[in-house]
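Each remark here refers to the structure printed beneath this line.
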DNA sequence: TAGATTTGTGTAATCGATTACATAAAATCA
DNA sequence: TGATTTTATGTAATCGATTACACAAATCTA
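Residue numbers (full-length UniProt numbering), protein chains in the order written: chain A, 1 to 340; chain B, 1 to 340.
So this is what it looks like as structure tokens:
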């Protein structure tokens, strides 16, 4: 029939109790071989499937993990989720996804919904939660639910995080551009109230200072991660009295927009101008003029975030420690910044 | 403390029963204003959060929906999932994602896990489930759990589906290439045991026949969706005595590989050779030679699949009908196939 | 063979929320 | 005022699985 089979149905069928059925199904040692065999056969015949909801309610363990991202259909986040799913699936966890659209209310709402759903852990890339809302995060910690930030993190006590070394990535990229002979490097920044963008900015700044190059504020432009803003930023830069000869963009999309616009101005890349992106979006490799960029190993990052969660779940002793994992970024030096 | 507050805790605090608390929280009319106010305040003060697991167990409704895709980190599937999430979130459903990696065992396993988790519906893009395993699908139907295929579907009784009109897309694309003056059109096919690829092939074939152009079997190559296979296929085509002057690739990635290889052979696109892709991957637009392609409106497709699920859930009367939605594809005619 | 031990099942509580039914108290009516 | 209706609350079952505890039967020991 259409109804679901429960252990009670099996029990009635065999004229035993549900407890015995449960024991047989769970390989409990206190059960006779004959009964176990009978139960297993009957369960199979009646097409029994364990109701994980009931199990979850009793055990207090849902075997679900929530993942919160700004938006799922970007290569980076989709890849992180892939990594998470692949690490968690073999351990019997399922992944619930939530999007915030960079909206802090959605972020709070998603956290609450996940808590209500009794998830065993939350992995998230924070949108832009102002500090006054930190208590929503702290509540998760208080409930002893493992929380792991990936990529976009926030310094909160007892919260783990997995990121790449954004400072290093940025420092090395700037250094690379300098070595290519670019001495006037413009910088496209993201919202610096987010740690990753602040770290990247510091890496850029430090590399310039280490090379005795003063910071030119006109070269620093805050953009959103899309093609149009990259184009617009280039217009501004080219209108300067002393325009730059390189751009380090913390967004691949903006880097692409920049390249388009530079070409329209008949500026030769990389001969006259170098461009470096960030994120290793698939298209950067495919372009005829391939775009140099920083690879963030998103799948690895997802796997690592999942691993940090699993370690926490499995070591109840180390109750309130937060683990910080920093992955090394990989500079992918391609045509857009290679002057040979 | 770290413990969770339940309605029993609130009841004890106020010296009433859990039933009354429940009624107050659910705006049950049979409750006095004063009690309701008191309960609400106390719940708030004690930071009460409803345990959705308990609710789910009692009501038989988990408010979770499972989504099964081959792989989440492709633009198409990530976008569909985005659409699904955005339609389902306002209705109070959460989305559980599963990947199959095109593996039929994983597909079956995922279906079973979702059923055990008591999901209220399953939305999936089928991998390559052979017919002898149809009963795993039919079991879902039997349990009266709404099942919706998107993109990659299978004809199974009572199962809904949302697809684009692959036949039309393919027919129109072929027609377009003919109009551009290409009379020798090669075709990169996917695995034709999947309906979508069979439909696309039929569209291609029909357009040629309608224009009195015989099918040349040498022009038809089955590929996997990646750049390398596109390159290799072009090598084969160019080695023919009578090579083609256009390619219609059912994969954008293969189309890109084809373009790369054609350029290496100094063949001019679109003057000497036209290329048309399928899927509207982001990079197709960004290329210096932008690639013509078919847009499948994945976000729309996801939203529609979610809507079909919601309609089914909300109309219990129409118990076992399957709804079939066919979206119109959009041809994006770009430089790679535009001869002025 | 009486007593101790082992083995296999049953009983009933539990997880947290909802709700049909019962019932006491309050309000309304005649 | 006594009967009737309304209102608010309590009681207890339910969803499906697990498990501490109890206990009867089987097996072992001396």
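Heads up, the beta-carbon is just placed ideally off N, CA and C, and yes, glycines get one too.
Delimiting residues of the beta strand (DSSP E) encompassing residue i
| i | result |
| --- | --- |
| residue 83 of chain A | Note, residue 83 of chain A: premise wrong, no beta strand (DSSP E); alpha helix (DSSP H) at 75-88. |
| residue 122 of chain B | 121-124 |
| residue 137 of chain A | Segment 134-142 is the alpha helix (DSSP H) holding residue 137 of chain A; no beta strand (DSSP E) there. |
| residue 100 of chain A | Element bounds for residue 100 of chain A: n/a, residue is neither H nor E. |
| residue 276 of chain B | 274-276 |
| residue 7 of chain B | Element bounds for residue 7 of chain B: not the beta strand (DSSP E) but the alpha helix (DSSP H), 7-14. |
| residue 327 of chain A | 324-327 |
| residue 147 of chain A | 147-150 |
Neighbour list for residue i in chain B, Cβ cutoff strictly below 8 Å
| i | result |
| --- | --- |
| residue 71 of chain A | 82 |
| residue 296 of chain A | None at all; the shortest Cβ gap to chain B is about 13 Å. |
| residue 49 of chain A | 112, 115, 116 |
| residue 4 of chain A | 143 |
Residues near residue i in its chain [Cβ-Cβ closer than 7 Å; skip 5 each side]
| i | result |
| --- | --- |
| residue 1 of chain A | Per-residue confidence for residue 1 of chain A stands at a pLDDT of 44, beneath the threshold of 50, marking its modelled position as unreliable; the derived number appears in the next sentence. Cβ neighbours of residue 1 of chain A beyond the five flanking positions: none. |
| residue 308 of chain B | 148, 160, 162, 323, 325 |
| residue 267 of chain B | 273 |
| residue 175 of chain B | 207 |
| residue 238 of chain B | 265 |
| residue 24 of chain A | 31, 35, 36, 39, 40 |
Where the alpha helix (DSSP H) through residue i begins and ends
| i | result |
| --- | --- |
| residue 233 of chain A | 227-238 |
| residue 170 of chain A | 166-179 |
| residue 284 of chain A | 282-286 |
| residue 57 of chain B | 52-59 |
| residue 117 of chain B | Taken as a continuous stretch (DSSP letters only), residue 117 of chain B belongs to no alpha helix (DSSP H), as it is neither H nor E. |
| residue 261 of chain A | 252-264 |
Proximal residues to residue i (C-beta, below 6 Å), its chain only, five neighbours per side dropped
| i | result |
| --- | --- |
| residue 252 of chain A | 277, 279, 281, 284, 293 |
| residue 11 of chain B | 17, 18, 21 |
| residue 110 of chain A | 68, 98 |
| residue 64 of chain A | 94, 96, 119 |
| residue 211 of chain B | 178 |
Coil, strand or helix - residue i by DSSP
| i | result |
| --- | --- |
| residue 65 of chain A | strand |
| residue 295 of chain A | strand |
| residue 336 of chain A | helix |
| residue 224 of chain A | coil |
| residue 21 of chain A | helix |
| residue 127 of chain A | coil |
| residue 187 of chain B | strand |
| residue 289 of chain B | coil |
| residue 40 of chain A | helix |
| residue 159 of chain A | coil |
| residue 247 of chain B | strand |
| residue 206 of chain A | helix |
| residue 1 of chain A | Here residue 1 of chain A scores only 44 on pLDDT, less than 50, and its place in the model is too uncertain to base an answer on. |
| residue 194 of chain B | coil |
Beta-carbon neighbours of residue i, restricted to chain B and to distances below 9 Å
| i | result |
| --- | --- |
| residue 52 of chain A | 113, 116, 117, 118 |
| residue 249 of chain A | By Cβ distance, chain B contributes nothing, its closest Cβ being about 14 Å from residue 249 of chain A, past 9 Å. |
| residue 256 of chain A | 286 |
| residue 335 of chain A | Neighbours of residue 335 of chain A on chain B: none; closest Cβ ~12 Å, over 9 Å. |
8 Å Cβ shell around residue i - same chain, five flanking residues per side excluded
| i | result |
| --- | --- |
| residue 328 of chain B | 164, 165, 168 |
| residue 33 of chain B | none |
| residue 271 of chain A | 339 |
| residue 49 of chain A | 4, 5 |
| residue 47 of chain A | 5 |
| residue 92 of chain A | 63 |
| residue 87 of chain A | 302, 303, 306, 307, 310 |
| residue 226 of chain A | 251, 253, 254, 257 |
Interface partners of residue i on chain A, CB under 9 Å
| i | result |
| --- | --- |
| residue 180 of chain B | Those do not exist, as residue 180 of chain B stays about 22 Å from chain A at its closest Cβ, beyond 9 Å. |
Neighbour list for residue i in chain A, Cβ cutoff strictly below 7 Å
| i | result |
| --- | --- |
| residue 56 of chain B | 53 |
Proximal chain B residues relative to residue i, where beta-carbon distance stays under 7 Å
| i | result |
| --- | --- |
| residue 78 of chain A | 72, 73, 78 |
| residue 282 of chain A | 283 |
Proximal residues of chain A, C-beta to C-beta of residue i below 8 Å
| i | result |
| --- | --- |
| residue 85 of chain B | 72, 97, 98, 99 |
| residue 107 of chain B | Correct list: empty, because the minimum Cβ distance to chain A is about 13 Å. |
| residue 62 of chain B | 53 |
Three CB pairs or more closer than 8 Å across the stretch 159-177 of chain A and the stretch 223-233 of chain A: no
The stretch 135-143 of chain A touching the stretch 113-125 of chain B, judged by at least three CB pairs closer than 8 Å: Verdict: no, contact absent.
Inter-stretch contact at 8 Å, needing at least 3 Cβ pairs: the stretch 233-245 of chain A / the stretch 193-207 of chain A: no
Sufficient close CB pairs (3 or more, under 8 Å) joining the stretch 70-90 of chain B to the stretch 82-99 of chain A: Segments in contact, yes.
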